[in-house]
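Encoded as structure tokens, the structure appears first; notes follow it.
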Amino acid sequence: MKKIHCAERHDWKQTAESLGFLFHTIDDEPYWDERAYYQFTLEQIENDLEDPTTELHEMCMDLVDRVVHSEELLDRLSIPAPYYDMIRTSWLEGHPHLYGRMDFSYSGNGPAKLLELNYDTPTSLYETAAFQWGWLEQCIERGMLPRHADQFNSIDTRLHEAFAQLKLTRPFYFASMKDSVEDKGTTDYLRLIAEKVGIESRHIDIEDIGLSADGRFVDLEDRWIPHLFKLHAWELIFHEPFGAAIAECDTQFFEPAWKSILSNKGALPLLWELHKGHPNLLAAHLDPNPGSAVPKGWVRKPYFSREGANIELQTAEGLIVKEDGPYTDAPFILQEFAPLPKFDDSYTLIGSWVIGDQAAGIGVREDNSLITKDSSRFLPHLILD
């Protein structure tokens, strides 16, 4: 694994904007960054990332099955009791799912370490699946990269297959929050794939979803929403007014309610208890004293947080790094600290994607801090032996 500095394509911004990739720059800072790329060997991809992702995903599916059959475990995850049956039913009835992302600390040497699971509302999908693949193809065409360069990236193909397998004949709504350009970009990309496999798709802002008198979710024209992809976390929905109506409604949700088990960082201690010592897992347990100092060599994380918010760590050498945020009202875990590798002045995180139930590709993000935040940069990668 190497970081290779390279020339940017002179027209990449125009290309991005023509494709609807409008969040390539955020607050005048680069989000997409092709001034360098990460180079992996095929052995690193297959043995250190792809195979562990497949194995960990199977362990996650086993965990869901255990949790839905145990009110004790559901309670340990701070899931509200009124939603136990809905979550259990969504799993036992096999409600289909589309995607998830595992975040790894990986330097190219030794096993990749699972930092967390993003299995309900993961973003960075479009840039991973489509834009970095376009970068690779165009750079090869222009002679900027060797012709035999490749990429671990079958995400787009796998998503087409996953949507086709749904065999939907009614409109599929894709919902994101009104003010999020990034979330809209993610849902627009998924809509495009749905349409390519023959599914009628519509966008709706989450704030515009209504509930009819007979308990149906509807759009602004009072049309029933039969299928809904919502880029909105289940743990938020559980505490919102419409949440109570979901169990009895006739809308099919993506991601399904059972994904709330895996989008919860409380799942990490459960995985460790079941597979203690697994080379790709980090020791983790419930934090009994979240108000105290973080021990050396550990990270404190809330069950529910996004983009590094409310995470605090202390390195073995005593360096303390912390991020503030709004996620203060749920339990916390302590997880063994696995430092992100440093390339130049940046710390690097690997996001490994699962589409359906298959490991499908990776995206690489960099941050100036040991905690990867919403200000991180996305860099492309390639495979070159």
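To convert a position in the sequence shown, counted from 1, into the working numbering, add 1159. We put the CB at the ideal spot given by N, CA and C, even for glycine. Owing to the predicted nature of the structure, the values given are computational and were not obtained by experimental measurement.
- Every beta strand (DSSP E) stretch that sits fully inside the segment 1311 to 1391 and reaches 3 residues is listed by chain position as 1331 to 1335, 1360 to 1364, 1386 to 1389.
- Taking C-alpha positions only, ASP1381 is separated from GLY1369 by approximately 8 Å.
- One thing to note: ALA1308 has its Cβ within 8 Å of the Cβ of ILE1299.
- Pairing PRO1241 with ARG1247, the inter-Cα distance amounts to about 11 Å.
- Going by DSSP, LYS1424 is part of no beta strand (DSSP E) at all; its letter is neither H nor E.
- Taking C-beta separations shorter than 8 Å and ignoring five residues to either side along the sequence, the partners of PHE1311 in its chain run PHE1199, ILE1204, LEU1208, GLU1209, GLY1520, ILE1521, HIS1540, ILE1542, following chain order.
- If you look at SER1511, you'll find it isn't in any alpha helix (DSSP H); it sits in the beta strand (DSSP E) that goes 1505 to 1514.
- PRO1189 has THR1184 as its beta-bridge partners, per DSSP.
- In the DSSP assignment, the residues bridged to HIS1540 are TYR1197.
- Rounded to whole angstroms, LYS1501 and ARG1361 show a C-alpha spacing of 42 Å.
- Spanning the alpha carbons of SER1528 and ARG1459 requires a straight line of approximately 16 Å.
- Judged by DSSP secondary structure, LEU1274 falls within the beta strand (DSSP E) whose first and last residues are 1272 to 1277.
- Counting along the chain, SER1264 sits inside the beta strand (DSSP E) bounded by residues 1258 to 1264.
- The bridge partners DSSP lists for VAL1458 are LEU1472, GLN1494.
- Scanning VAL1480, LEU1441, ALA1426 for the CA closest to the CA of ALA1452 turns up VAL1480.
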